[in-house]
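Structure, rendered in C-alpha cells:
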C-alpha cells in the first residue's frame, strides 16, 4: 500500500491560514494579533500548531520580527489562493441577494491612487454602501503578482500584462517637464528631437520603457544623467535645474514651481486599465466596481476610453 505522509487526522483550519496571512501582512505576531483582535500568544500558538501539522518551519523569528522561510513563501501562494476562493464564495452568496455585502480588494499604484481613487471609491460607496473596499498600493510588478496570486480581486495597471485580462479605462499622456528658465520653455509643444542629448532625468516608475522607445524610434540620444524612483523627487530635480524629464501627466502637482510642462509631438500615451485574472469569471461585485469606475472617469477625467 502506498505510504502517504499526509495523515487524514491532520486538520489545517481556515483560521490557521487566516492567522498565517495576517502574520505575513504585518511582519509581526503582535501586529497580526491586533489585526485579528487576538492575543500575541494566541497567534504564536496558532502558527506553532500549523507548523507542527505541516511538519515545516514557516517563519524565522528575530528581534526585528518574523520572516517567511523558503517553504513559507511557497505555501503563501496557495494560502492566498484559498483565501481568494473563500472570498469568491462570499461574493457568490452576495450576488444571489444582489450586490449588497462583501469585501473588494483593489491594487493601485500611488500616482493613480492619489489622483482618482478617492473619487471612484466615494462614488462606489454611494451606490453600494454594504461593500467594504480595501486598497493595496504597490509597484506595477507587485500589483500584477497580487492579481495573479489572488491577493486582490482586481488592480489598476498601465499597459497589457501577460496572463491577465485588462479593460482599458483611461489614456494618460506623457508630458515634457523642463526648468522654467530652459530655452524651450516658451514653446507650446516639444518634440523628441528637441530633447536630443539634453541632460535627462529618467523616472523609473514602470513606464520608462515608453520614453526609451520614443527616443530609439526617433534615433535620438537619451542622455540619462540620473535614474529616479520617486515622482516627487524627479520634479524637484527639474525645479533645481538638473535636467529635463518626460513623465505621466497624472503625477504632476499643482504646487510645482520653477518648471514648465509641455505637450509632446508626437504624443506618448500611457494606457491605464483595470486588470483581472479572467474577464469570464469576474464576480458581480467586481463587475459593479468596473462599471462604477468607468462612469466616474467619463464624468471627471479627460481621456477616458473604457473597453474590455
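In the numbering used here, the protein residues as written are 23 to 330.
For each residue, glycine too, the CB sits at the ideal point set by N, CA and C.
Keep in mind the model is a prediction, meaning the values are calculated, not measured.
Compute the beta-carbon to beta-carbon distance between residue i and residue j, rounded to the nearest angstrom, for a pair I have assumed lies under 8 Å.
i, j, result
"residue 87", "residue 63", "That pair is no contact at about 16 Å."
"residue 186", "residue 298", "7 Å"
"residue 42", "residue 80", "7 Å"
With DSSP as the reference, identify every bridge partner of residue i, one or two as the case may be.
i, result
"residue 90", "81"
"residue 125", "154"
"residue 52", "BP columns for residue 52 are empty, so no partner."
"residue 246", "222"
"residue 130", "159"
Can you name, in chain order, every residue of its own chain whose Cβ lies under 6 Å from the Cβ of residue i, other than the five neighbours on each side?
i, result
"residue 328", "Since pLDDT at residue 328 reaches only 48, below the 50 mark, its modelled position is unreliable, and no value is offered."
"residue 35", "none"
"residue 93", "78"
"residue 233", "268"
"residue 257", "278"
"residue 213", "287"
"residue 175", "126, 127 and 308"
"residue 72", "38"
"residue 331", "The structure shown has nothing for residue 331, since the chain only spans 23 to 330."
"residue 224", "230, 246 and 249"
"residue 173", "102"
State yes or no: is the C-beta of residue i within less than 9 Å of the C-beta of residue j?
i, j, result
"residue 102", "residue 171", "yes"
"residue 289", "residue 229", "no"
"residue 285", "residue 264", "no"
"residue 307", "residue 126", "yes"
"residue 250", "residue 200", "no"
"residue 282", "residue 204", "yes"
"residue 165", "residue 130", "yes"
"residue 292", "residue 182", "no"
"residue 65", "residue 52", "yes"
"residue 46", "residue 90", "yes"
"residue 342", "residue 295", "Residue 342 falls outside the range modelled here, since the chain spans only 23 to 330, and no answer is possible."
"residue 40", "residue 105", "yes"
"residue 237", "residue 217", "yes"
"residue 215", "residue 240", "yes"
Can you name, in chain order, every residue of its own chain whose Cβ lies under 7 Å from the Cβ of residue i, other than the five neighbours on each side?
i, result
"residue 133", "253, 270, 272 and 273"
"residue 44", "54, 57 and 58"
"residue 27", "Residue confidence is low: residue 27 scores 45 on pLDDT, short of 50, so the model does not pin down where it sits. No coordinate-derived value is stated."
"residue 280", "201, 202 and 261"
"residue 33", "none"
"residue 312", "189 and 296"
Once you ignore the five residues that flank residue i on each side, which residues in its own chain have a CB closer than 8 Å to its CB?
i, result
"residue 145", "314, 317 and 318"
"residue 220", "245, 265 and 266"
Start-end ranges of the alpha helix (DSSP H) lying completely within the segment 266 to 324, minimum 4 residues: With a minimum length of 4 residues, the continuous alpha helix (DSSP H) runs that stay inside the segment 266 to 324 are 306 to 322.
Inside the segment 146 to 222 only - beta strand (DSSP E) runs reaching at least 3 residues: Counting whole runs of 3 or more residues, the segment 146 to 222 contains the beta strand (DSSP E) stretches 153 to 159, 176 to 180 and 187 to 201.
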